[in-house]
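Some notes on the structure that comes next.
Numbering (the numbering used here), first residue to last: 19 to 64.
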């Protein structure tokens, strides 16, 4: 039976998730970013 692992990472301007099978095979990954939203201000705006 294959073991699947879900990893989730968050920061102040990005969130990412990925699914790995048996610690070696990447099945899926996605990144949601607000970098473009913060760019006009030169960085992250609280």
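For every residue, glycine included, the Cβ atom is placed at its ideal position computed from N, Cα and C.
Asked	Found
Since residue 26 contacts residue 20 with CB under 8 Å, what's their CB separation in whole angstroms?	Residue 26 to residue 20, Cβ: 20 Å. No contact.
Roughly how many angstroms lie between the CA atoms of residue 61 and residue 52, to the nearest whole one?	10 Å
Residue 62 by DSSP, collapsed to three states: which one?	coil
Counting only the same chain and skipping the five closest in sequence on each side, list residues whose C-beta sits under 6 Å from that of residue 33.	50
Would you mind giving the Cβ-Cβ distance between residue 63 and residue 56, rounded to the nearest angstrom? I have them listed as a contact below 8 Å.	6 Å
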